[in-house]
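S.K.: Protein chains in written order, with the UniProt record's numbering: chain R, 1 to 395; chain B, 1 to 395; chain U, 1 to 139; chain Y, 1 to 139.
Mind looking over this structure? Questions follow.
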Ligand SMILES: Cc1ncc(COP(=O)(O)O)c(C=O)c1O
Ligand SMILES: Cc1ncc(COP(=O)(O)O)c(C=O)c1O
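Take a look at the structure:
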């Protein structure tokens, strides 16, 4: 078996596609003019930004004037949530979210709690799905914002966004969705789904790092997060990240131009890998929803072993992956998402996320199916938990 | 006279130098791994970021652990000011700044006023200099932050930063300086100058747009601005802008490696251009400090004409420049900086900023000296103000 | 930002200059706001036989002056009076929203020049649809 | 992140396994926190003649087990008892701060195994410098 480099961490970040980088290139050293300047050289930069804005709008079925570029997904989440919270404080101080949001949402909500807001963190079921009845019950006359992620970054579960949007719209409550993991993997229509605000980040769909966008429906009352110059129609200050924005535009165009075909390919590799893992490795559990999940996402827990050591061994074989184990992040507790779907600590510690994407080939699947079972067995052979389990007759 | 392309708007933004872009290139499509991941491929990205951090630290005489990367200069300003204000509210609610700050500082201060903070906006003299006695007098026992820009983006005036730092340190008040225009043009030593926080943006010193940094002295109490993941030692969430950060590191290394030599060259072109303008064009006033100014900055006001039309004509001749006229920004009032140094509205409307930098050659100076006097005369010939002035005998 | 028409009239403004002994002069705007427009007319048989302008202001102020003077040249005073700022802006293929006030200035300057002529000739000045808001011509 | 020594002991752990009929066994940690370390010793003439371990945990937990077992092999019980977590970490060319607790686990597991041997042999157990804080071994 020859050692390969297998990147199965697309959910963490993707490479910037050569076509995207090519589109960006003129805007570094040549067409670098400030988009706010009135001379021709600046207006050309402006035109490039507006073209990118149109592409983002098209991908979401929004209007170009509803798209605001940011420095990334986290900034977009922070802006949406803090911006709406502070601008609508006179209407109420209650926010509804879930227990499985990304930290960019969760920590923002926790910060708002310190500022006098009240936050309901909805439970999810064993698959990571929220319950719409729970959501309805959580709404009070002080609720000003519902923020629920489109698709989960760890377990891949996709929420019933259109239904949530409908509930929010009927009650006159703003609905923000963190779609950082969804763009390019799921069809998104902000109008049809009644989404008021939506965050995205280019580096999750083969665009560059350090640039994202926030969709803000026309009419939504929101404060600025970054004050200063009049860029982004006076809503997000700072000299525009011209090449980054152009890259985001190109990347979203590519990523949303043929979602079905793209997903079919990724999903077929993913399913073969998942089935192979479940077949070859006993005492393995799939985390997340069996069907309503991102096409490239696998999240499994291997009993009796710990995730960080698994990642290190995978790395030794050239495989890039991720885990929800605490030991990998240096924190005390395993992933809040795995806890929220009810996994016991030791099962959460043994989790592995493989996220497939455009860098993967069928050979990668073969390779992982060859390497992973050996590695898991090797760690189990070292594990006192496995020893007891076997001694007790593998109950 | 052959038409040239002459870029004299380096203070607005610079091109990304080819060496900088080259340093960034591997981090888009090849070495794109997430810097927070534990596999080798991610750790290499981490190492590249830490190398950039060391370069920034070295340029400022700070420690690497005191450097935090951001999405630009405006974000750094917002973070420094809001972060210190909210984290130290128990100590006081008073902030001191100046009337000539960039909007990223001014509008942030205005926002804080709405949140119950009190802000003193110091006056400046006709050259744009603050008065240290005014500063001392403005300090109260509620003062928690002094934020004064290192060098002004419009008129180029450089403040007595070390003296301000000394005053602030003696009184135990945090001192932030917006050094977005200063980096690469002025020697900066945060330790010697007693600077507690300092903002910078890569695209002002031949690095990429969309990335900046905030220096936060060890021990400074500051809240986060962007909450979320544990990046940047838990202080600035968001997947790191890997190529951007690498570019910033390379750019600051280049820009600060030979400031004296670089400035001598830029300054000599600038002085020749300025002297030529003053000689050839009557009724012209230099704005800003005659000596204590950025090496590439020229800011002049031409009586009887308006800046936007001047820019359009310059653009016609391929010259990129900037003005403090209201008409260029679409706002009612001319630049707050020109107002603060006491210019009457009509003189402020007739201002022109030429900011020289590495894209300029001596031929550019010749060209501007040929074109500009003609253009100014052409506009004056159209101006009813000039007409009256001449009729009244050119008093 | 600006249409080609605006740029053409800015780069090659028509009717720039003064008229010696004009029959009417109208000056509006002020230096504080960044625009002053001064229009000179020569009137024969109730018709504007010559018109010149001088303008201190931005590109669209100059283009609006140029276009407005073109549009009233050869017209009767009544016809010239009917020229609205919107017509000036349309003739320029549009102006950015923040610059519409420039076309308003042009209309006002023409009205002022015509009324100046009327007053000089002992006629009642016509009533302007704008109140005299020179100091606040920006919207 | 990890030193080459840590990676070597993680990739090629020494003394992995069980001892049939061990003279002493020590198990510390718990699955909730993500680390369990189990050490088996064979004692002859007050000397550790064989030692094996099984570990559920991260890379540094496995490397610490491997290094610690190497360091006590062939040592007297008194010598083995003196092995501190810092010595284990140093022998590994250091551990990341967040991972120092893994070396603590190794020290504790050895102490537990030695005391298990002492108790089985009717001897007084030695006193550990740690209180029994298995549930909170993370710092
Ligand atoms: C003095 C000063 N501060 C702050 C900024 C804001 O930086 P950025 O536009 O990169 O956010 C600028 C430039 O625009 C500036 O010149
Ligand atoms: C669901 C989700 N939200 C938000 C983010 C934050 O995006 P960024 O790291 O680009 O700021 C991420 C990725 O890190 C994510 O997966």
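Beta carbons: idealized from backbone N, C-alpha and C, even for Gly.
Since this is a predicted model, take the numbers as computed values, not measurements.
If the cut is a Cβ gap below 7 Å, which residues of chain U does residue 335 of chain B touch?
M.R.: Going along chain U, no residue has its Cβ under 7 Å from residue 335 of chain B, so there is no contact; the nearest lies around 12 Å.
S.K.: Taking 7 Å as the cut-off, decide whether the C-beta atoms of residue 102 of chain Y and residue 309 of chain R are in contact.
M.R.: no
S.K.: Look at the alpha carbon of residue 83 of chain B and the alpha carbon of residue 109 of chain B, and state the distance between them as a whole number of angstroms.
M.R.: 12 Å
S.K.: Can you find a heavy atom of ligand 1 that lies under 6 Å from the Cβ of residue 74 of chain B?
M.R.: yes
S.K.: If we count the other Cβ atoms within 10 Å of its Cβ and call it buried at 16 or more, is residue 52 of chain U buried or exposed?
M.R.: buried
S.K.: When you compare each of B/9, B/72 and B/92 to residue 212 of chain B by their alpha carbons, which one comes out closest?
M.R.: B/72
S.K.: As an exercise, report each continuous alpha helix (DSSP H) stretch of at least 4 residues that is fully enclosed by the segment 271-334 of chain B, in chain order.
M.R.: 307-316 and 326-329
S.K.: Tell me the DSSP secondary structure of residue 85 of chain B in three-state form.
M.R.: If DSSP states are grouped into helix, strand and coil, residue 85 of chain B belongs with the helices.
S.K.: How do the segment 92-106 of chain B and the segment 73-81 of chain B stand: do at least 3 beta-carbon pairs fall below 8 Å, yes or no?
M.R.: yes
S.K.: Just to confirm, is the Cβ distance from residue 300 of chain R to residue 100 of chain R under 7 Å?
M.R.: no
S.K.: Taking residue 245 of chain R as part of the alpha helix (DSSP H), name the residues at either end of that continuous run.
M.R.: 242-257
S.K.: Using a Cβ-Cβ cut-off of 7 Å (strictly less than) and excluding sequence neighbours within five positions of residue 193 of chain B, which residues of its own chain qualify?
M.R.: 161, 162 and 165
S.K.: Assess, as a yes-or-no matter, whether the segment 3-22 of chain B is touched by the segment 31-49 of chain R under the definition of 3 or more beta carbon pairs within less than 8 Å.
M.R.: yes
S.K.: Can you name the residues that DSSP bridges to residue 48 of chain Y?
M.R.: Y/43
S.K.: From the DSSP output, in three-state form, read off residue 182 of chain R for me.
M.R.: Here residue 182 of chain R carries a coil assignment [DSSP, helix/strand/coil].
S.K.: Less than 7 Å between the C-beta atoms of residue 151 of chain B and residue 343 of chain B, yes or no?
M.R.: no
S.K.: Compare the beta carbon distance of residue 201 of chain R and residue 208 of chain R with 7 Å and say whether it is the shorter of the two.
M.R.: It is not a contact, given that the beta carbons lie outside the stated cut-off.
S.K.: Using 7 Å as the threshold, is the C-beta distance between residue 41 of chain U and residue 81 of chain U below it?
M.R.: No, Cβ-Cβ distance for residue 41 of chain U and residue 81 of chain U is not below 7 Å.
S.K.: Could you tell me whether the Cβ of residue 135 of chain Y comes closer than 7 Å to any Cβ of chain R?
M.R.: For residue 135 of chain Y, the pLDDT reaches just 43, beneath the cut-off of 50, and the residue's location in the model is therefore unreliable, although a value from the coordinates is still provided. Output row for residue 135 of chain Y: interface = no.
S.K.: For the candidate residues R/169, R/182, R/184 and R/185, whose alpha-carbon lies nearest to that of residue 196 of chain R?
M.R.: R/169
S.K.: Apart from the five residues just before and just after residue 12 of chain U, which ones in its own chain have a Cβ nearer than 6 Å to its Cβ?
M.R.: none
S.K.: With a threshold of 7 Å between beta carbons, is residue 121 of chain R in contact with chain B?
M.R.: It does not; no Cβ of chain B falls within 7 Å.
S.K.: Just verifying my parser: in three-state terms, what is the DSSP assignment at residue 36 of chain R?
M.R.: Here residue 36 of chain R carries a coil assignment [DSSP, helix/strand/coil].
S.K.: Quick one: grab the DSSP three-state call for residue 102 of chain B.
M.R.: coil
S.K.: Within 7 Å (strictly less), CB to CB, does residue 70 of chain U reach chain B?
M.R.: no
S.K.: Straight-line CA distance for residue 129 of chain Y to residue 346 of chain R?
M.R.: 28 Å
S.K.: Which residues, in order along the segment 302-324 of chain R, keep a beta-carbon less than 7 Å from a beta-carbon of chain Y?
M.R.: 304, 305, 306, 308, 309, 312 and 316
S.K.: Can you name the residues of chain B whose CB is closer than 8 Å to the CB of residue 338 of chain R?
M.R.: Those within 8 Å of residue 338 of chain R in chain B number zero; the least Cβ separation is about 17 Å.
S.K.: Report buried or exposed for residue 115 of chain R, applying the criterion of at least 16 other Cβ atoms within 10 angstroms of its Cβ.
M.R.: exposed
S.K.: Is there a C-beta anywhere in chain Y that falls below 7 Å from the one on residue 36 of chain R?
M.R.: no
S.K.: Please identify, using Cβ separations under 7 Å, the residues of the segment 375-391 of chain R that lie next to chain Y, in order along the chain.
M.R.: For the segment 375-391 of chain R, which is checked against every Cβ of chain Y, the residues closer than 7 Å are 382, 383, 384, 385 and 387.
S.K.: Here's the rule: buried if 16 or more other CB atoms are within 10 angstroms of the residue's CB, otherwise exposed. What is residue 96 of chain R?
M.R.: buried
S.K.: Tell me, to the nearest whole angstrom, how far the beta carbon of residue 86 of chain B is from that of residue 320 of chain R; I am working on the premise that it is less than 8 Å.
M.R.: About 38 Å; that fails the 8 Å criterion.
S.K.: Roughly how many angstroms lie between the CA atoms of residue 303 of chain B and residue 389 of chain B, to the nearest whole one?
M.R.: 10 Å
S.K.: Is residue 288 of chain R near residue 184 of chain R, with beta carbons less than 7 Å apart?
M.R.: no
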